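In what follows, a structure is listed as structure tokens, so that the remarks can point back to it.
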Amino acid sequence: MYDLPDYLAMVEDRQRTSAYLAAIRATLRPGDHVLELGTGFGYFAVHAALAGAAHVWAVEPNDAIALGPALAARHGVADRITFLQRRGDQVELPRRADVLLEDLRGVSPLMGRRAAALADAHARLLAPDARVIALRDHLMVAPCMAPEGARERPIDTPADMLAAPPSELDLSAVRARATAAWRRVRASALHPLADAGCWATWELRQALPTDLRGSTECVVRNAGEMAGIGAWFDADLAGGARISSGPTSPATVYDAAWFPLAQPVAVQPGDRVTIRMRATHDGGEYVWSWEVECRPQSGAASAVQRGTDLGTRLLSPERRARRAATAVPARDTAVDLHAAMLARVDGRRSLAEIAAALRRDAPTRFAEERDALAFVSREIARIAEGAEG
Ligand SMILES: C[S@@+](CC[C@H](N)C(=O)[O-])C[C@H]1O[C@@H](n2cnc3c(N)ncnc32)[C@H](O)[C@@H]1O
């Protein structure tokens with residue numbers, strides 16, 4: 001969940017914002033109707049209106065959207081932007097849009113429900129020949145040396161904070177899990193040993209497989225210890241405008257990802273490294289698997305190492321089982337409480353009335369009237385706003 005400083009950092013990211021504004025100028029035609037998915041506080045929506053859009057529907061579940069109308073009014077385009085505080089799949093439009101403007105990426109272009117959000121927008125909200133910003137994301141990887149400290153501790157934790165362990169507890173099992181997970185790093189912390197390769201390209205107007213696999217082969221340029229894979233994206237927005245979140249470009253708000261290997265491998269110039277990546281969507285987030293095969297130029301035996309974040313995402317076996325397609329949810333007190341609450345949502349009762357009725361049903365669950373009201377307003381808002389989990 002982003003806060004306002006995050007949104008400010010996004011628009012102040014010079015590489016990202018300049019490329020998006022260039023793409024908007026290259027793509028928009030006067031009179032276009034534009035849909036922006038994930039508008040934040042409306043920065044790109046206002047630019048789309050200034051570039052001549054007849055109307056912009058600016059969609060965003062986050063409260064940052066509350067600042068959009070004032071920004072639009074300040075720039076004289078308030079009458080051409082409709083701000084809708086909800087997720088894209090909860091929106092109905094009076095006509096299909098001619099242009100989609102979207103950046104639902106995070107560290108990776110493969111984030112949560114982005115693919116579902118784009119598929120839904122194309123199916124219901126966009127004209128069949130709609131122009132899109134962005135066009136495609138290239139998923140890039142390179143064998144890299146360890147970012148500083150990456151093997152012992154989460155990156156970016158100041159070393160002096162960890163200097164003296166305050167107890168003798170054996171943390172090796174916790175540490176093994178924590179250091180095996182992929183994680184976010186500054187792109188500048190990645191030290192590639194070879195030119196990067198592209199393991200998959202997502203044409204953003206096309207559906208993405210829920211099980212995405214790909215590979216690329218790199219030839220090592222610099223001798224060093226390969227400790228993992230650095231990953232980032234190169235995006236073609238539109239009209240030739242591009243973004244790269246990789247280590248040879250100016251820093252971006254996206255940062256980059258680090259996929260560690262269990263054992264570093266010494267590599268020499270000319271060695272060939274095949275990187276195989278797999279991202280499987282489990283309905284919530286992506287489960288990542290990675291494999292590195294190193295074939296030394298010397299003719300020595302090749303070495304293969306694999307990693308996965310399946311065991312490191314702290315999803316307990318019980319939680320995982322509960323989310324499986326074959327799981328059969330049981331009625332329990334939590335389900336009954338939600339069912340009783342939803343049964344009272346009829347377009348007439350207020351939250352306070354629903355809460356009072358619920359407290360009569362379950363007097364031991366809510367000690368005070370205000371506890372019941374807090375529960376009802378939170379749960380109903382969560383459903384209405386489409387918040388996850
Ligand atoms: C990377 S931010 C971009 C914000 C803004 N476009 C900007 O450039 O300043 C992505 C935004 O998409 C929103 N978002 C995520 N899923 C969404 C969905 N399904 N529909 C609409 N917005 C969504 C998030 O809340 C977040 O604010």
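In this note's numbering, the protein residues as written are 1 to 389.
Idealized CB from N, CA, C, for every residue including glycine.
Bear in mind that the values here come from a model prediction, so they are computed numbers and not experimental data.
1) In chain order, which continuous runs of the alpha helix (DSSP H) of length 4 or greater are located wholly inside the region 278-328?
2) Taking the straight line between their C-alpha atoms, what separation do you get for Trp-182 and Leu-212?
3) To the nearest angstrom, report how far apart Arg-151 and Pro-269 are at their CA atoms.
4) Leaving aside the five residues before and after Ala-22 along the sequence, list all residues of the same chain whose C-beta is less than 6 Å from its C-beta, in chain order.
5) Taking the alpha-carbon positions, what's the Arg-124 to Arg-96 distance?
6) Just to confirm before moving on: does the CB-CB distance between Glu-217 and Met-145 stay below 7 Å?
7) Quick check on Asp-336 - is its C-beta less than 7 Å from some C-beta in chain D?
8) In the DSSP assignment, what residue or residues form a beta bridge with Gly-228?
9) Report the option in Ala-266, Arg-136, Thr-17 whose CA atom is closest to the CA atom of Asp-236.
10) Can you give me the C-alpha to C-alpha distance between Glu-379 and Thr-326, rounded to a whole angstrom?
11) Report the option in Arg-349, Arg-344, Gly-307 whose CA atom is closest to the CA atom of Ala-178.
12) Quick check: the Cα distance between Gln-15 and Glu-293, rounded to an integer number of angstroms?
13) Buried or exposed for Leu-126, please, with buried defined as at least 16 other CB atoms from any protein chain shown within 10 angstroms of its CB.
14) Check whether the Cβ of Asp-103 sits closer than 6 Å to any heavy atom of ligand 1, and report yes or no.
15) Under three-state DSSP, which class holds Gly-214?
16) Assuming Leu-100 and Leu-37 make a contact with CB atoms under 8 Å, what is their CB distance in whole Å?
17) Is the distance from the Cβ of Pro-143 to the Cβ of Val-273 below 7 Å?
18) Could you check if Phe-44 belongs to the surroundings of ligand 1, using beta carbon to heavy atom distance under 6 Å?
19) Look at Ala-355 and Ala-372 and say whether their C-beta atoms are less than 7 Å apart.
20) Provide the residue span of the alpha helix (DSSP H) that contains Thr-27, from first to last.
21) Going by DSSP in three states, Pro-166 sits in which element: helix, strand or coil?
22) Nearest to Pro-5 by CA position, among Ala-49, Val-253, Leu-50, is which residue?
23) What does DSSP give as the partner residues of Gly-197 in its beta bridges?
24) Is Arg-87 near ligand 2, going by C-beta to nearest heavy atom under 6 Å?
25) Whole angstroms is fine: what's the gap from Ser-245's alpha carbon to Asp-103's?
26) Beta-carbon separation of Pro-61 and Arg-87 under 7 Å?
27) With which residues is Glu-36 paired in a DSSP beta bridge?
28) Taking Cβ positions, are Leu-139 and Ala-200 nearer each other than 7 Å?
29) Spatial neighbours of Phe-41 within its chain, please: CB distance less than 7 Å, with the 5 preceding and 5 following residues excluded, ordered by chain position.
30) Can you name the residues that DSSP bridges to Phe-233?
31) Determine the extent of the alpha helix (DSSP H) in which Asp-120 is found, giving its start and end residues.
32) Based on Cα-Cα distance, which residue from Gly-239, Arg-349, Asp-346 lies nearest to Ala-26?
33) Figure out for me which residue from Asp-98, Met-341, Ala-300, Pro-165 has the closest Cα to the Cα of Ala-121.
34) Whole beta strand (DSSP E) runs in the region 40-97 with 3 or more residues, listed along the chain?
This is what the structure gives:
1) DSSP runs (the alpha helix (DSSP H)) wholly in the region 278-328: 317-323.
2) Trp-182 and Leu-212: Cα-Cα distance of roughly 17 Å.
3) Because Arg-151 sits at a pLDDT of 49, beneath the cut-off of 50, its placement in the model cannot be relied upon, and the point is left open.
4) Excluding positions up to five away in sequence, the list reads Ala-241.
5) C-alpha separation (whole angstroms): 8 Å.
6) No, Cβ-Cβ distance for Glu-217 and Met-145 is not below 7 Å.
7) Of the protein chains in this structure there is only one, and it is not chain D.
8) DSSP, once it has assigned bridges, lists Cys-144, Pro-260 as partnering Gly-228.
9) The residue from Ala-266, Arg-136, Thr-17 with its alpha-carbon nearest to that of Asp-236 is Arg-136.
10) Distance between the alpha carbons of Glu-379 and Thr-326: 26 Å.
11) Out of Arg-349, Arg-344, Gly-307, the CA that lies nearest to the CA of Ala-178 is found in Gly-307.
12) Between Gln-15 and Glu-293, the C-alpha separation is close to 34 Å.
13) By the neighbour-count rule (16 or more Cβ atoms within 10 Å), Leu-126 is buried.
14) The answer is yes for Asp-103.
15) In this structure, Gly-214 counts as strand in the three-state DSSP scheme.
16) The pair is a contact, with the Cβ atoms about 7 Å apart (cut-off 8 Å).
17) Contact flag set, yes.
18) Yes, the beta carbon of Phe-44 sits closer than 6 Å to at least one heavy atom of ligand 1.
19) A Cβ-Cβ contact shorter than 7 Å links Ala-355 with Ala-372.
20) Its alpha helix (DSSP H) spans residues 14-27.
21) Assigned with DSSP and collapsed to three states, Pro-166 falls in coil, not helix or strand.
22) Ranking Ala-49, Val-253, Leu-50 by CA distance to the CA of Pro-5 puts Val-253 first.
23) By DSSP's assignment, Gly-197 forms a beta bridge with Val-141.
24) Of the ligands this structure carries, namely ligand 1, none is ligand 2.
25) So the two alpha carbons sit approximately 13 Å from each other.
26) Yes, Cβ-Cβ distance for Pro-61 and Arg-87 is below 7 Å.
27) DSSP, once it has assigned bridges, lists Ala-58, Leu-101 as partnering Glu-36.
28) With contacts defined by Cβ atoms closer than 7 Å, Leu-139 and Ala-200 form a contacting pair.
29) Correct list, in chain order: Tyr-7, Ala-64, Ile-65, Leu-67, Gly-68, Leu-71.
30) DSSP lists Leu-139 as the beta-bridge partner residues of Phe-233.
31) For Asp-120, the enclosing alpha helix (DSSP H) starts and ends at 114-120.
32) Nearest to Ala-26 by alpha-carbon distance, out of Gly-239, Arg-349, Asp-346, is Gly-239.
33) Considering only alpha carbons, the answer is Asp-98.
34) Restricted to the region 40-97, the beta strand (DSSP E) segments that are unbroken, complete and at least 3 residues in length are 55-59, 81-84, listed in chain order.
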